[in-house]
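Data first, discussion second: the structure below is written as structure tokens.
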Amino acid sequence: MKQRNSYLFVILCWLCTYGFPVQAQDVSLQAIEEAINSYNYRQAIDLIGRLDSVTPDLQRKKLAAYKELNRYSDAVRLLNEMIAADSLNTHLYIERANCYLMQNSDNKALEEYGKALELAPGNTYIRTKIGQLYFRNEQYEEAKALAETMLAGDTTQYALRLLGDCYGKTEQPDSALFIYKRALERDSSDYAAVLRLSNLYLEMDSVDAAIRYTDEYIALDSLNLPVNRVNAFAYFQKEQFRPALDKYRNLSQLGDNTANTNYYLGLCYLKNDSLLKAYECLDMANKKAKEKNPQILTYLGITAIEMPGYATEGIEATKKAIELIMPDSTLMFSLYNTLAKGFVMRRELKEEIVALKTSLSYNPQSSVTLNHIAYAYDILKDNKNAVRYYQLFLDSISRREKLSGYMQKLKDAAEERLQYYREEEFFKGN
Numbered sequence: 171m172k173q174r175n176s177y178l179f180v181i182l183c184w185l186c187t188y189g190f191p192v193q194a195q196d197v198s199l200q201a202i203e204e205a206i207n208s209y210n211y212r213q214a215i216d217l218i219g220r221l222d223s224v225t226p227d228l229q230r231k232k233l234a235a236y237k238e239l240n241r242y243s244d245a246v247r248l249l250n251e252m253i254a255a256d257s258l259n260t261h262l263y264i265e266r267a268n269c270y271l272m273q274n275s276d277n278k279a280l281e282e283y284g285k286a287l288e289l290a291p292g293n294t295y296i297r298t299k300i301g302q303l304y305f306r307n308e309q310y311e312e313a314k315a316l317a318e319t320m321l322a323g324d325t326t327q328y329a330l331r332l333l334g335d336c337y338g339k340t341e342q343p344d345s346a347l348f349i350y351k352r353a354l355e356r357d358s359s360d361y362a363a364v365l366r367l368s369n370l371y372l373e374m375d376s377v378d379a380a381i382r383y384t385d386e387y388i389a390l391d392s393l394n395l396p397v398n399r400v401n402a403f404a405y406f407q408k409e410q411f412r413p414a415l416d417k418y419r420n421l422s423q424l425g426d427n428t429a430n431t432n433y434y435l436g437l438c439y440l441k442n443d444s445l446l447k448a449y450e451c452l453d454m455a456n457k458k459a460k461e462k463n464p465q466i467l468t469y470l471g472i473t474a475i476e477m478p479g480y481a482t483e484g485i486e487a488t489k490k491a492i493e494l495i496m497p498d499s500t501l502m503f504s505l506y507n508t509l510a511k512g513f514v515m516r517r518e519l520k521e522e523i524v525a526l527k528t529s530l531s532y533n534p535q536s537s538v539t540l541n542h543i544a545y546a547y548d549i550l551k552d553n554k555n556a557v558r559y560y561q562l563f564l565d566s567i568s569r570r571e572k573l574s575g576y577m578q579k580l581k582d583a584a585e586e587r588l589q590y591y592r593e594e595e596f597f598k599g600n
């Protein structure tokens with residue numbers, strides 16, 4: 171009996187030692203799953219962190235939780251650990267690259283995608299991501315080479331579009347057109363290729379071609395907003411204002427309430443002598459643009475002034491357009507001063523004077539500019555104008571209570587030059 175009790179005691183001790191922790195581990199795993207399923211990612215990360223050992227599956231769950239919380243630095247640190255344990259796992263390098271992308275670390279992302287590509291040379295996804303990065307960073311030659319490599323193995327829509335985009339960015343429009351057409355021959359439903367091709371035709375003033383390709387696509391998919399926008403604009407550019415009006419009205423009915431669409435819809439109504447509707451659309455466009463677009467304000471003003479009883483609204487819109495179009499005085503003053511300094515460096519004093527006078531028109535109170543004009547005339551031996559501008563300079567600083575050291579030196583020099591001219595005039599008179 172005593173021996174039996176001892177045996178039971180040993181079993182009980184074993185269960186306490188090994189059985190219960192397993193149950194606790196199971197409870198923790200269940201809690202982790204519940205936290206993830208309820209989108210409580212912070213709790214899931216905390217629970218995983220409490221475990222004595224973490225399986226690869228739990229590491230992946232923790233990684234996913236970090237990414238959901240936009241904690242990409244933590245995700246990268248975890249991926250470093252995972253890669254150290256499994257250095258041939260292509261997926262982990264891609265994950266690390268994606269995290270770097272979210273941190274706007276394009277160079278690091280490229281490096282990681284490169285490592286992944288070494289492990290999986292034919293992987294289209296990896297090459298696509300690399301191509302996107304090359305293009306985004308204006309590495310067009312690298313992007314072009316990658317696209318050509320991809321096309322040598324297998325023709326893909328992305329590779330064709332990438333190659334066409336690179337030709338477009340490197341001022342090879344004919345090659346770009348050829349590639350985009352190839353993409354459409356391969357897949358006529360590729361709206362991205364239609365957009366690129368049509369926009370390129372518009373840039374080249376080939377409006378009919380843009381209309382043809384967008385019309386053909388709309389026959390397949392009449393609800394695509396980007397293609398419909400290009401199509402409507404092409405008709406507007408061709409000055410076919412009635413069809414353009416129908417197309418912009420269709421865009422509006424499809425839910426396109428952007429400033430751009432309201433603006434062109436308003437212009438189409440204006441061209442079709444529907445002033446009230448034109449005003450309503452242009453007013454909506456102006457509100458969408460937060461009254462910051464001078465072009466919209468200009469046509470809103472034109473339309474309102476043509477309408478009986480809307481002159482006040484028209485004047486207000488026109489004044490706002492003028493305010494926006496007029497250049498910033500401080501910036502223009504600085505630009506013309508810089509231009510004047512450039513002419514000084516080339517010893518072109520007459521051009522310097524013109525630039526300085528223009529600069530002065532944006533800031534008439536600039537005493538230093540008056541002095542510079544006087545000095546330029548002085549060097550050119552234009553005594554009359556030199557005296558005039560030296561005196562204007564001295565008048566401009568006469569009411570200042572205190573002058574800086576630099577300004578005092580300019581004052582002393584100007585007075586000295588004026589005294590010189592007075593004496594010279596005196597002796598000439600004698």
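Residues are numbered in the working numbering as their position in the sequence shown, beginning at 1, plus a constant of 170. Quick reminder that beta carbons are idealized off the backbone N, C-alpha and C, glycines included.
Counting along the chain, the unbroken alpha helix (DSSP H) around R247 starts and ends at Y242 to A255. Here S208 carries a coil assignment [DSSP, helix/strand/coil]. For R592, the number of other beta carbons within 10 angstroms of its own is below 16, and it is reported as exposed.
Judged by DSSP secondary structure, G479 falls outside any alpha helix (DSSP H); it is assigned neither H nor E. Between the beta-carbon of Y418 and that of L435 there is about 4 angstroms, and that keeps the pair under the 8 angstroms contact cut. Classified as exposed, H261 has fewer than 16 neighbouring CB atoms from the shown chains inside 10 Å of its CB.
Distance from the Cα of D324 is smallest, within the candidate group C336, N307, E312 and A353, for A353.
Taking C-beta separations shorter than 7 angstroms and ignoring five residues to either side along the sequence, the partners of L393 in its chain run L424, following chain order. The continuous alpha helix (DSSP H) containing S368 extends over residues Y361 to E373. Straight-line spacing of the CA atoms in Q327 and I523 works out to 58 angstroms. Taking 8 angstroms as the cut-off, the Cβ atoms of L333 and A322 do not count as close.
Counting only residues of its own chain and dropping the five nearest sequence neighbours on each side, C451 has a CB closer than 7 angstroms to the CB of N432, L435, G436 and Y439. Going by beta carbons, K232 and L248 fall inside the 8 angstroms limit. With a 10 Å radius around the Cβ and a threshold of 16 neighbouring Cβ atoms, E203 comes out exposed.
Counting C-beta pairs closer than 8 angstroms gives three or more between the segment 337 to 347 and the segment 368 to 376, which meets the contact rule. Here DSSP, grouped into helix, strand and coil, assigns A214 to helix. With a cutoff of 8 angstroms on beta-carbon distance, F563 and S537 are scored as near each other.
For P413, the enclosing alpha helix (DSSP H) begins and ends at F411 to Q423.
Three or more Cβ pairs drawn from the segment 484 to 495 and the segment 465 to 474 lie within less than 8 angstroms of each other, which places the two stretches in contact. Here the C-alpha atom of P534 lies approximately 22 angstroms from the C-alpha atom of N553. Out of D357, E312 and T428, the CA that lies nearest to the CA of K457 is found in T428.
Residue burial annotation: T539 is buried, with at least 16 other C-beta atoms found within 10 angstroms of its C-beta.
Between Y560 and R587, the gap from beta carbon to beta carbon is short of 8 angstroms.
Taking 8 angstroms as the cut-off, the beta carbon of I264 is found closer than this to the beta carbon of I296. A525 sits away from A544, with the two beta carbons spaced by 8 angstroms or more. Sixteen is the threshold: when 16 or more other Cβ atoms of the shown chains lie within 10 Å of the Cβ of D360, as they do, the residue is buried.
Contact annotation, L395 with L421: C-beta distance approximately 7 angstroms; criterion of less than 8 angstroms satisfied.
Assigned with DSSP and collapsed to three states, P226 falls in helix. The DSSP-derived three-state label of L258 is coil. Of all alpha-carbon atoms in M502, K285, P413 and P226, the one lying nearest the alpha-carbon of N442 is that of P413.
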